[in-house]
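Residue numbers (my numbering): 3 to 200.
1) Who are the near neighbours of residue 39 in its chain, counting only those whose CB is closer than 6 Å to its CB and skipping five residues on each side?
2) What is the residue span of the beta strand (DSSP E) that residue 161 lies within?
3) With C-beta atoms as the reference, is residue 85 less than 8 Å away from residue 162?
4) With H, G and I counted as helix, E and B as strand and the rest as coil, what does DSSP make of residue 143?
5) Taking the alpha carbon of residue 77 as the point to measure from, which residue in 16, 102, 132 and 115 has its own alpha carbon closest?
6) Tell me which residues share the same chain as residue 125 and place their Cβ nearer than 7 Å to its Cβ, disregarding the 5 neighbours each side in the sequence.
7) Around the Cβ of residue 228, are there at least 16 other Cβ atoms within 10 angstroms (buried) or fewer (exposed)?
8) Around the C-beta of residue 53, are 16 or more other C-beta atoms found within 10 angstroms, so that it is buried, or is it exposed?
9) Check residue 77 in the structure and name its three-state DSSP category.
10) What's the gap between the Cα of residue 73 and the Cα of residue 11?
11) Specify the secondary structure class of residue 3 as computed by DSSP and reduced to three states.
12) When you compare only the Cα positions, how much space is there between residue 70 and residue 139?
13) How many angstroms separate the CA atom of residue 29 from the CA atom of residue 181?
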């Protein structure tokens, strides 16, 4: 994984009809949550929210993925659908994400190499570029956020560059997939259900 400049990455995302949740400029926001432009039809799927947390997403399909399996299911979906490269963005800034994940992944050489490079990135939203070989680490990141995270700024968003799919991994709400076409939504459901029934 490597960091990219936020402005360039955001320009790429906006060309794919990605917007902030409330339509404001991302530089004006303390919390950056992304969605597709409202003119684009989108299917939403959620899984692994905290049992006592009601997910506030209209018309979202809920999958019964156990929370402890959520990172693995996410990795499986991204791998099976060949959704790479991916951009990983912090919902807040990187500092709360790194503070959370580095404590849990001190034995993970790949993460510690990123952590060593991240000093100047901690107060930014410069996204990490994730290639297929990095999906296992992305799974570990998601698992830590779901297991140990407590607040929204510790979460991450993931945007596929060449397919219409956005993912939010957040401590309370779990994993939200926003999918830009119904065919891809069917594939996501099939992959998740196959995994659950294994």
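C-beta atoms are modelled at their ideal positions from N, C-alpha and C, and glycine is treated no differently.
Because the structure is a prediction, the values reported are computed rather than measured.
A quick look at the data gives this:
1) The beta carbon of residue 39 sits closer than 6 Å to those of 19 and 21, all from its chain and outside the five residues before and after it, given in chain order.
2) 158-162
3) yes
4) helix
5) Closest by alpha carbon: 132.
6) 95 and 97
7) This structure gives no information on residue 228, because the portion of the chain shown stretches from 3 to 200.
8) exposed
9) Here DSSP, grouped into helix, strand and coil, assigns residue 77 to helix.
10) 24 Å
11) coil
12) 16 Å
13) 25 Å
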